[in-house]
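Taking it in order: structure first as structure tokens, then the write-up.
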Amino acid sequence: MAILVTGGAGYIGSHTVMALQERGEEIVVLDNLQQGHKQAVVAGKLYEGDLRDAAVLDRVFSENKIDAIIHFAANSLVGESMKIPGKYYHNNVYGTLCLLEKMNEYGVKKIVFSSTAATYGEPENVPIDEYDRTLPTNAYGDTKLAMEKMIGWFDTAHDIKSISLRYFNAAGAHASGKIGEDHRPETHLVPIVLEAALGKRPHVSVFGTDYPTEDGTCIRDYIHVSDLADAHILAVDALLGGAASAVYNLGNGQGFSVKEVIETARRVTGKEIPVVYEERRAGDPAVLVASSARARQELGWNPSRNKMEDIIASAWQWHQSRPNGYDN
Ligand code: UFG
1 MAILVTGGAG YIGSHTVMAL QERGEEIVVL DNLQQGHKQA VVAGKLYEGD
51 LRDAAVLDRV FSENKIDAII HFAANSLVGE SMKIPGKYYH NNVYGTLCLL
101 EKMNEYGVKK IVFSSTAATY GEPENVPIDE YDRTLPTNAY GDTKLAMEKM
151 IGWFDTAHDI KSISLRYFNA AGAHASGKIG EDHRPETHLV PIVLEAALGK
201 RPHVSVFGTD YPTEDGTCIR DYIHVSDLAD AHILAVDALL GGAASAVYNL
251 GNGQGFSVKE VIETARRVTG KEIPVVYEER RAGDPAVLVA SSARARQELG
301 WNPSRNKMED IIASAWQWHQ SRPNGYDN
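See the structure below:
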């Protein structure tokens with residue numbers, strides 16, 4: 001019995017592979033290594049290839065006995081998706097269609113799907129729950145919503161059961177120090193702040209100080225990547241135990257503003273971290289905070305690394321020991 005992790009060389013995928021290994025699972029990773037790093041795959045059998053390549057999927061499914069899939073492989077940059085949406089529909093939506101067709105062909109009936117808070121768009125309520133309106137404000141979020149829906153129709157027609165996990169802001173790194181966040185280019189707040197602390201960037205640009213929040217900067221819900229990894233394993237267990245298809249939010253339920261994140265990073269690192277205040281970034285909602293009550297109740301998820309200090313400290317450990325990410 002093996003678990004296939006698509007996108008297992010990426011940030012959240014690699015942490016999930018590590019968590020699966022800690023449980024002694026047999027792991028198969030499929031990654032085209034466009035964004036992922038070979039060195040991030042610390043366990044399992046790696047197939048270097050693309051979801052849209054039928055021959056690679058045939059090899060993966062015929063050479064292994066796959067019981068469940070955790071599907072991360074996708075492009076995930078909001079800004080890029082607004083400039084080249086076609087890339088997102090092709091890789092994310094068509095890639096997922098290719099995967100679902102092969103699951104059907106090989107009789108694999110369980111999939112955990114890496115979704116996003118970007119499916120909601122501008123929230124109606126804070127905290128957001130899973131029944132709230134989904135109206136994405138960017139192409140990336142729209143592809144993820146389309147993928148969720150497509151997976152749902154494969155349940156209706158072919159009994160493929162799925163759990164879609166909508167993450168809020170993933171941050172932090174594995175406690176072992178072996179893996180962490182390394183995006184090229186980096187666009188996420190926490191690694192950018194820590195790169196500034198290391199002196200790799202002259203300053204942090206704060207995008208917008210006129211939002212309707214207490215200090216005028218955007219509020220986000222930061223969740224430790226290893227807590228996310230744990231949720232994926234609970235979701236696989238639920239599906240293999242016969243659970244029905246479902247959607248869950250994954251967040252801490254607590255919001256931090258951009259300024260608060262920078263202040264916390266200053267305390268954790270002891271560095272000054274210069275900032276420059278700039279215009280708003282297109283497509284950013286003011287406040288995104290999750291209600292994860294449903295994941296806690298139904299999956300038994302209990303995120304334990306939920307202090308902002310600890311999340312940033314774990315990322316800081318990774319950035320200090322690997323200032324060039326997977327390059328050294
Ligand atoms: N920010 C800055 N300066 C930076 C980078 C970010 O001020 O240099 C701000 C952003 O404007 C935003 C906040 O910090 O207000 C967090 O930004 P991130 O880019 O770290 O994260 P996002 O909230 O934009 O996006 C994350 C994921 C997306 C996902 C989205 C869902 O990266 O994949 O959450 O809400 F779609």
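Residues 1 to 328 in the UniProt record's numbering are what the sequence shown lists, from first letter to last.
The beta carbon of each residue, even a glycine, is placed where N, CA and C say it ideally should be.
1) Roughly how many whole angstroms lie between the Cα atoms of Tyr88 and Thr143?
2) For Gly107, count neighbouring Cβ atoms within 10 angstroms of its own Cβ and tell me buried if that reaches 16, exposed if not.
3) Which word fits Met1, buried or exposed, when buried means at least 16 other C-beta atoms lie within 10 angstroms of its C-beta?
4) Going by DSSP in three states, Phe168 sits in which element: helix, strand or coil?
5) Measuring straight from C-alpha to C-alpha, what distance separates Leu240 and Val112?
6) What's the gap between the Cα of Glu263 and the Cα of Ala9?
7) Between Val287, Ala197, Ala313, Ala243, which lies nearest to Pro127 when the distance is taken from Cα to Cα?
8) By the three-class DSSP mapping on this structure, what secondary structure does Phe72 have?
9) Could you tell me whether the region 36–46 touches the region 74–82, using the rule of 3 or more Cβ pairs below 8 Å?
10) Considering only their Cβ atoms, is the gap separating Ile70 from His183 smaller than 9 Å?
11) Can you have a look at Trp153 and say buried or exposed, based on whether 16 or more other CB atoms are within 10 angstroms of its CB?
12) Tell me whether Phe207 counts as near ligand 1, meaning its Cβ is closer than 8 Å to at least one heavy atom of that ligand.
13) Grab me the residues of Glu25's own chain with a C-beta within less than 6 Å of its C-beta, minus the 5 sequence neighbours each way, in chain order.
14) Taking 8 Å as the line, does the beta carbon of Ser76 fall inside it for any heavy atom of ligand 1?
15) Asn249: beta carbon under 8 Å from a heavy atom of ligand 1?
16) Less than 8 Å between C-beta atoms, sequence neighbours within five positions excluded: which residues of the same chain meet that for Arg296?
17) Hey, out of Ser115, Leu145, Tyr211, Val193, whose CA is closest to Val276's CA?
18) Assign Thr119 to one of three DSSP states: helix, strand, or coil.
19) Rounding to the nearest angstrom, what Cα-Cα distance links Arg280 and His188 in this structure?
20) Under a three-way DSSP split, which group does Ser304 fall into?
21) Rounded to the nearest angstrom, what separates Gly141 and Lys102 at their Cα positions?
22) Would the beta-carbon of Ala243 fall within 9 Å of that of Lys149?
23) Taking C-alpha atoms, which residue in Arg322, Glu309, Ala315, Arg294 lies nearest to Leu165?
24) Please state whether DSSP places Lys45 in a helix, a strand or coil.
25) Measuring alpha carbon to alpha carbon, tell me which residue in Ala265, Tyr167, Leu250 is nearest Val190.
26) If you measure from the CB of Asp284, is any heavy atom of ligand 1 nearer than 8 Å?
27) Between Thr213 and the rest of its own chain, which residues show a CB-CB distance below 8 Å, the 5 nearest in sequence each way excluded?
According to the structure data:
1) For the purposes of this step, residue 88 is taken as residue 88 along the sequence shown, with counting starting at 1. For the purposes of this step, residue 143 is taken as residue 143 along the sequence shown, with counting starting at 1. Going by the C-alpha atoms only, they are around 7 Å apart.
2) Position 107 of the sequence shown, counted from the start, is the residue given in the question as residue 107. Under this definition Gly107 is an exposed residue.
3) What you label residue 1 is simply residue 1 of the sequence shown in a count that begins at 1. Counting Cβ neighbours within 10 Å, Met1 comes out exposed, since fewer than 16 surround it.
4) Along the sequence shown, one-based indexing puts residue 168 at 168. Three-state result, Phe168: coil.
5) The count along the sequence shown starts at 1 and reaches residue 240 at position 240. The count along the sequence shown starts at 1 and reaches residue 112 at position 112. Each residue's alpha carbon lies about 11 Å from the other.
6) Along the sequence shown, one-based indexing puts residue 263 at 263. Along the sequence shown, one-based indexing puts residue 9 at 9. Distance between the alpha carbons of Glu263 and Ala9: 31 Å.
7) Taking the sequence shown and counting its residues from 1, the one referred to as residue 127 is at position 127. Selected option, being the one with the closest Cα: Val287.
8) Your numbering for residue 72 matches position 72 in the sequence shown. Residue state, collapsed to three classes: coil.
9) no
10) The count along the sequence shown starts at 1 and reaches residue 183 at position 183. The count along the sequence shown starts at 1 and reaches residue 70 at position 70. Not a contact, by the Cβ cut-off of 9 Å.
11) Taking the first residue of the sequence shown as 1, we reach residue 153 at position 153. Exposed, since its Cβ has fewer than 16 Cβ neighbours within 10 Å.
12) The residue given as residue 207 occupies position 207 in the sequence shown. Yes, the Cβ of Phe207 comes within 8 Å of a heavy atom of ligand 1.
13) Here residue 25 refers to the residue found at position 25 of the sequence shown. Ile3.
14) Here the question's residue 76 lines up with position 76 in the sequence shown. Answer for Ser76: yes, Cβ within range of ligand 1.
15) Your numbering for residue 249 matches position 249 in the sequence shown. No.
16) Against the sequence shown, residue 296 aligns to sequence position 296. Excluding residues within five positions, the ones whose Cβ falls inside 8 Å are Asn302.
17) Within the sequence shown, the letter at position 276 stands for residue 276. For the residues Ser115, Leu145, Tyr211, Val193, the minimum Cα distance to Val276 belongs to Val193.
18) In the sequence shown, residue 119 corresponds to position 119, counting from 1. DSSP places Thr119 in helix when its eight states are reduced to three.
19) Taking the first residue of the sequence shown as position 1, residue 280 is located at position 280. Taking the first residue of the sequence shown as position 1, residue 188 is located at position 188. About 15 Å.
20) Taking the first residue of the sequence shown as 1, we reach residue 304 at position 304. Coil.
21) For the purposes of this step, residue 141 is taken as the residue at position 141 of the sequence shown. For the purposes of this step, residue 102 is taken as the residue at position 102 of the sequence shown. Going by the C-alpha atoms only, they are around 24 Å apart.
22) In the sequence shown, counting from the first residue as 1, residue 243 sits at position 243. In the sequence shown, counting from the first residue as 1, residue 149 sits at position 149. Against a cut-off of 9 Å, the Cβ pair of Lys149 and Ala243 comes out as no contact.
23) For the purposes of this step, residue 165 is taken as residue 165 along the sequence shown, with counting starting at 1. For the residues Arg322, Glu309, Ala315, Arg294, the minimum Cα distance to Leu165 belongs to Arg294.
24) The residue you call residue 45 lines up with position 45 of the sequence shown. Of the three classes helix, strand and coil, the one that applies to Lys45 here is strand, per DSSP.
25) Within the sequence shown, the letter at position 190 stands for residue 190. Among Ala265, Tyr167, Leu250, the Cα nearest to that of Val190 is on Ala265.
26) To locate residue 284, count along the sequence shown from 1; it is residue 284. Yes.
27) Mapped onto the sequence shown, residue 213 falls at position 213. Excluding residues within five positions, the ones whose Cβ falls inside 8 Å are Ile219, Ser257, Ala286, Val287.
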